[in-house]
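> Next up is a structure, given as structure tokens.
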Amino acid sequence: MTPMNAKTQHWIELDHAHVWHPFTPMKQWRESTPLVITDAQGDELIDSEGRRYIDGVSSLWCNVHGHRVPAIDQAIRQQLDQVAHTTLLGLTSPPAIELAAQLVQRAPRQTADKMQADDADNAQVSPLNKVFYSDAGATAVEVAMKMAVGYWFNQGFEGKNRFIALAGAYHGDTTGSMAVGYSELFHRAFRSMLFPTWWFPSTDAARSGLTQQTAEPWPSEDPQLMNVLADRCLAELETLLDQHSDETAAILIEPVMQGAAGMIAQPTGFVRRIAELARRHDVLLIADEVAVGFGRTGRMFACEHDGICPDIMCMAKGITGGYLPLAATLCTDAIYDAFTGDWGQRKTFYHGHTYTGNPLACAAALASLRLFDETKLIAHINANAALMAEKLHALREHPHVLDVRQRGVMVGIELCQDRSSRQPLDFANRTGAALCHAMRDKGLIIRPLGDVLVLMPIPAMSREKLDRMMDVVISTMRDWHF
């Protein structure tokens with residue numbers, strides 16, 4: 487093995503001495519030789535030794551158009567010549583204004599033909615017309631929860647202050663987002679800090695107890711099984727609403743695909759049926775589109791697949807194309823109006839962040855949105871999704887693949903010890919991590935969720951790079967000794 491250069495060694499020593507990495511077992515990290523990423527170009531990351539790697543994790547699910555995109559680079563440089571940051575508390579700026587208008591224009595809208603027939607005549611559907619900025623997905627969710635509780639409070643319904651959430655959800659690691667996205671692995675030490683939440687089950691086909699009924703090699707591909715599972719999950723949600731709607735401010739979901747839960751896919755119509763239940767029980771619906779938004783599922787926003795418009799929608803990650811931290815929480819006029827009134831009523835939404843609506847980030851986001859149109863990116867994403875689905879057929883008979891779940895260019899490959907008995911792998915063996923490390927040696931960076939391999943290519947990735955990425959995944963799994 488070629489010795490690393492002195493600068494790389496120096497950086498690694500400093501990192502091991504001082505940097506605490508997120509979601510990283512630090513004892514093992516300090517014993518490892520990490521990659522030091524110094525450059526990037528297009529679909530690739532470049533380390534301090536000059537080695538190139540396909541960015542198969544989209545730099546933690548946020549990069550959209552690739553690295554060093556001239557149009558986004560130029561937009562940030564141009565904004566730097568004007569102002570890098572100014573507060574939105576009592577002031578405003580053109581990038582924040584223009585981006586809000588663009589987000590509202592592109593937000594999902596619900597139409598009567600997507601509702602149940604008995605609801606269509608009476609439904610009052612409002613578009614997402616107001617934008618509140620923050621700086622990360624978790625803060626966007628915190629904003630959404632405070633909007634929901636404040637909406638009811640300001641109308642005299644102080645008791646509607648709790649949430650129903652989808653089991654296995656992940657909404658971030660701030661206190662409120664942990665409470666509605668609890669993970670035993672991530673958050674058990676902090677349970678005492680969290681408020682109680684009601685949960686309804688997710689459409690997790692691989693662990694549903696129904697998988698022996700499926701004729702498909704992958705449980706999540708069986709429409710009949712998924713529809714039966716959806717009925718069971720929604721029946722439990724309806725029971726919760728029957729019992730607790732007068733205490734519930736909102737239902738909170740990741741629509742179409744739950745990310746950190748292990749890429750848990752939802753069948754067509756599942757989100758629409760949740761929206762119908764929320765409306766029927768006079769409860770708000772919050773859609774967390776932080777991971778699934780900006781094209782990753784094959785539509786600009788995942789809610790569009792079921793033709794619904796939530797009351798509140800959270801976005802972050804891909805909003806700036808993966809360049810700068812920015813988040814937005816969109817809501818209806820009705821929710822916004824509940825926070826307006828005379829001075830004496832004190833209905834102001836008392837919430838904010840120092841870097842709310844940062845002009846540099848907003849300029850990057852505006853450039854990213856223009857690229858969606860100029861490059862016809864959604865069509866390209868769907869072509870890439872078809873290529874991934876075709877390549878994944880090679881795993882259909884793999885004895886150690888329990889399930890493959892795909893929505894757009896989001897893929898989860900769930901590994902197991904034995905497919906016929908559905909025996910899981912020993913978590914302590916970290917098989918998923920070992921496979922990803924082997925792929926890194928072949929020039930591909932991906933990151934697992936336990937023993938679920940997550941494929942999250944840059945949406946604008948070229949067909950040639952995506953083809954190579956998929957070949958590395960398939961060949962590594964084919965040759966691996968489980």
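Residue numbers (the working numbering): 487 to 968.
From the three backbone atoms N, C-alpha and C, an ideal C-beta is built for every residue, glycine too.
Of all the options Ala849, Tyr668 and His767, which has the alpha carbon lying nearest to the alpha carbon of Ala570?
Ala849
> Can you grab the Cα-Cα spacing for the pair Cys902 / Asp525, in whole Å?
Distance between the alpha carbons of Cys902 and Asp525: 36 Å.
> What number of angstroms, rounded off, separates the C-alpha of Gly667 from the C-alpha of Lys632?
16 Å
> Is the beta carbon of Ala847 sitting closer than 9 Å to the one on Leu812?
Their beta carbons are under 9 Å apart, which means Ala847 touches Leu812 by this criterion.
> Could you check which residue in Pro594, Ala946, Arg554 and Gln641 has the C-alpha nearest to that of Ala865?
Ala946
> Taking a contact to mean a Cβ-Cβ separation below 9 Å, would you say Asp774 touches Ala655 in this structure?
yes
> Quick one: what's got a C-beta closer than 6 Å to Ser694's C-beta in the same chain, skipping five residues either side?
Cβ neighbours of Ser694 beyond the five flanking positions: Leu715.
> Using a Cβ distance threshold of 8 Å, determine whether the region 673-687 contacts the region 765-785, with at least three qualifying pairs required.
no
> Would Leu500 be called buried (16 or more neighbouring beta carbons within 10 Å of its own) or exposed?
Result: exposed.
> Exposed or buried, Glu517, counting other C-beta atoms within 10 Å across all chains shown (16 or more means buried)?
By the 10 Å Cβ count, Glu517 comes out exposed.
> Quick one: using the 10 Å Cβ neighbour count with 16 as the cut-off for buried, is Glu644 buried or exposed?
exposed
> Just to confirm the assignment, what range does the alpha helix (DSSP H) spanning Thr917 have?
Following the DSSP letters along the chain, one finds Thr917 inside the alpha helix (DSSP H) bounded by residues Thr917 to Arg926.
> What residues in its chain sit with their C-beta under 7 Å from that of Pro705, if we drop five residues either side in the sequence?
These residues qualify, in order along the chain: Ala691, Ala692, Thr697, Leu711 and Asp889.
> According to DSSP, Leu614 sits in a beta bridge with which residue or residues?
Thr818
> Mind checking which residues open and close the beta strand (DSSP E) that includes Asp541?
Arg538 to Asp541
> Helix, strand or coil: how does DSSP classify Ser620 here?
Look at Ser620 here: in three-state DSSP terms it is strand.
> Could you pull the start and end residues of the beta strand (DSSP E) that Arg437 belongs to?
Examination of residue 437 is not possible in this model, given that the chain is present from 487 through 968 alone.
> Do three or more CB pairs link the region 776-796 to the region 733-745 at distances below 8 Å?
yes
> Take the Cβ of Pro594 as the centre, count every other Cβ of all protein chains shown within 10 Å, and call the residue buried at 16 or more, exposed below.
buried
> Considering just the uninterrupted stretch of the beta strand (DSSP E) at Met874, what are its terminal residues?
Unbroken run through Met874 is the alpha helix (DSSP H), Leu863 to Leu878; no beta strand (DSSP E).
> Among Leu855, Ala920 and Phe825, whose alpha-carbon lies nearest the alpha-carbon of Phe618?
It is Phe825.
> Could you tell me whether the Cβ atoms of Tyr539 and Ile821 are closer together than 9 Å?
no
> Report the three-state DSSP secondary structure of Val569 (helix, strand or coil).
In the structure shown, Val569 sits in coil (DSSP, three-state: anything other than H, G, I, E or B).
> Taking only runs of the alpha helix (DSSP H) that begin and end inside the region 724-773, which ones reach a length of at least 4 residues, in chain order?
756-766
> Kindly indicate the opening and closing residues of the beta strand (DSSP E) around Met799.
Ile798 to Met801
> Please report the distance separating the alpha-carbon of Asp953 from that of Lys803.
25 Å
> Do Ile650 and Leu720 have their beta-carbon atoms positioned less than 9 Å apart in this structure?
Taking a C-beta distance under 9 Å as the contact criterion, Leu720 and Ile650 do not qualify as a contact pair.
> Looking at the secondary structure, which residues open and close the alpha helix (DSSP H) in which Ala587 lies?
Pro580 to Arg592
> In whole angstroms, what is the alpha-carbon distance linking Gly894 and Met749?
12 Å
> Let me check understanding here. Comparing Cα to Cα, which of Asn549, Ser545 and Val543 lies closest to Thr806?
Asn549
> Which of the three DSSP states is assigned to Gln596 in this structure?
coil
> So if DSSP puts Glu530 in a beta bridge, which residue, or which two residues, is it bridged to?
Gln527 and Ile540
> If you compare alpha carbons, which of His884, Asp717 and Ile498 is closest to Arg758?
Asp717
> Quickly, what does DSSP pair Ile650 with across the bridge? List them, please.
Trp684 and Ile737
> Cα-Cα, which of Ile532, Gln527 and Gly528 is closest to Pro520?
Checked all of Ile532, Gln527 and Gly528; the closest Cα to Pro520 is Ile532.
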